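Peer 1: The numbering of the sequence shown is numbering that gives the first Met the number 0, which starts it at 0 and goes up by one. Ideal placement from N, C-alpha and C gives every residue a C-beta, glycine not left out. This structure is a prediction, so every number in the text was calculated from the model and none was measured.
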Amino acid sequence: MSSAPRTSPASPDRDSRGTKAGGRVTLSVLAEKKALGEPIAMITAYDYPSAQVAETAGVDVVLVGDSAAMTVLGYPSTVPVSLEEMLMLAAAVRRGLSTPLLVGDLPFGSYEASDERAVATAQRFVKEAGCDAVKLERGGTSADRARAIVAAGIPVMGHVGLTPQTATALGGYRSQGRTAERALEVAQDALALQDAGCFSIVFEAIPSALTDAIMPHLDVPVIGIGAGPATDGQVLVFHDLLGIYDGHAARFVKRYGDVRAAMVDGVAAFAEDVRERRYPEPNHGYTMAPDETARLKELLTAAWSRRSDLA
Ligand code: KIV
0 MSSAPRTSPA SPDRDSRGTK AGGRVTLSVL AEKKALGEPI AMITAYDYPS AQVAETAGVD
60 VVLVGDSAAM TVLGYPSTVP VSLEEMLMLA AAVRRGLSTP LLVGDLPFGS YEASDERAVA
120 TAQRFVKEAG CDAVKLERGG TSADRARAIV AAGIPVMGHV GLTPQTATAL GGYRSQGRTA
180 ERALEVAQDA LALQDAGCFS IVFEAIPSAL TDAIMPHLDV PVIGIGAGPA TDGQVLVFHD
240 LLGIYDGHAA RFVKRYGDVR AAMVDGVAAF AEDVRERRYP EPNHGYTMAP DETARLKELL
300 TAAWSRRSDL A
């Protein structure tokens, strides 16, 4: 990578995450950031190059989100993505990442049925993909699964509000907790996940007023996505923030780039160069010493004459 890791202006021996050179973001670093009121930056990544981008850009937490189902695998929702697919993506991210905390998203159907199933799935994320922690969605029985995974020694991040794995039951991909009763349910889910031992919780697509009301009751870092400014950090999907994904973007998405347009322009320019015979140019080829070229011609002539003898 050509660009150097960003350093914090306040402290030249630390990078923008506040970690010392060569240090890793741990659960204690995140807890300390919350205590100090330092915002936590989290993004998703799904492969080796996006992990390298996250590493170099200096984010604190990288989530191999099951949003991969839609952004990189082309499924219509997060529901169909399999455990094997998620593990392959998470392992690729691990190979491109050393400093941020790496969280793997447990896909739909891989943890809900029992504590044993949840622990076994979480262990695969740690053992096979090298994740530092896992994330699961919803309160209720998911809080029980979170407790079991934490008891097995694996840190868990919770996720409340809009939980895309169960969006159908929530009435679709829409903001949650907009009535006092539903807001109370979201708050109860968050508290249940904290009580279960989650080290952090994602709030997705809930009113800012609901976030404001819950925050004083939570000791663990809360990462928001469409949950207003009061959370301890913010997360966005890599493809949304860079403008790589062509689909519909939620209202909370802010685009920081138009990478898809740059990619289409580059590929279109290549195709045009090929068709116009402008590519490759002489400097894109390999050379051969003139005496080797002359010798090759002799060898080919001899080979061809042997073939015509046989015909
Ligand atoms: O899958 C995902 O990308 C997520 C984030 C939106 C938090 O769960």
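For residue 43, does the three-state DSSP call read helix, strand or coil?
Peer 2: strand
Peer 1: Count the CB pairs spanning the region 190 to 198 and the region 237 to 245 that are closer than 8 angstroms, and state whether there are at least three.
Peer 2: no
Peer 1: Where does residue 291 sit, in a helix, a strand or coil, going by DSSP?
Peer 2: helix
Peer 1: Could you tell me the boundaries of the beta strand (DSSP E) in which residue 236 lies?
Peer 2: Note, residue 236: premise wrong, no beta strand (DSSP E); not H, not E.
Peer 1: Could you give the uninterrupted runs of the beta strand (DSSP E) lying entirely in the region 126 to 157, keeping only those of 3 residues or more?
Peer 2: The qualifying runs are 132 to 134.
Peer 1: Measuring from the CB of residue 131, is there a heavy atom of the ligand KIV at a distance below 7 angstroms?
Peer 2: no
Peer 1: Can you check DSSP and say which residues form a bridge with residue 199?
Peer 2: 156
Peer 1: If the criterion is Cβ atoms closer than 8 angstroms, does the pair residue 42 and residue 222 meet it?
Peer 2: No, the Cβ-Cβ distance between residue 42 and residue 222 is not below 8 angstroms.
Peer 1: For the alpha helix (DSSP H) containing residue 190, list its first residue and its last residue.
Peer 2: 179 to 194
Peer 1: With a 10 Å radius around its C-beta and 16 neighbouring C-beta atoms as the bar for buried, classify residue 237 as buried or exposed.
Peer 2: buried
Peer 1: Answer yes or no: do residue 95 and residue 51 have a C-beta to C-beta separation smaller than 8 angstroms?
Peer 2: It is a contact, given that the beta carbons lie within the stated cut-off.
Peer 1: DSSP state of residue 103, grouped into three classes?
Peer 2: strand
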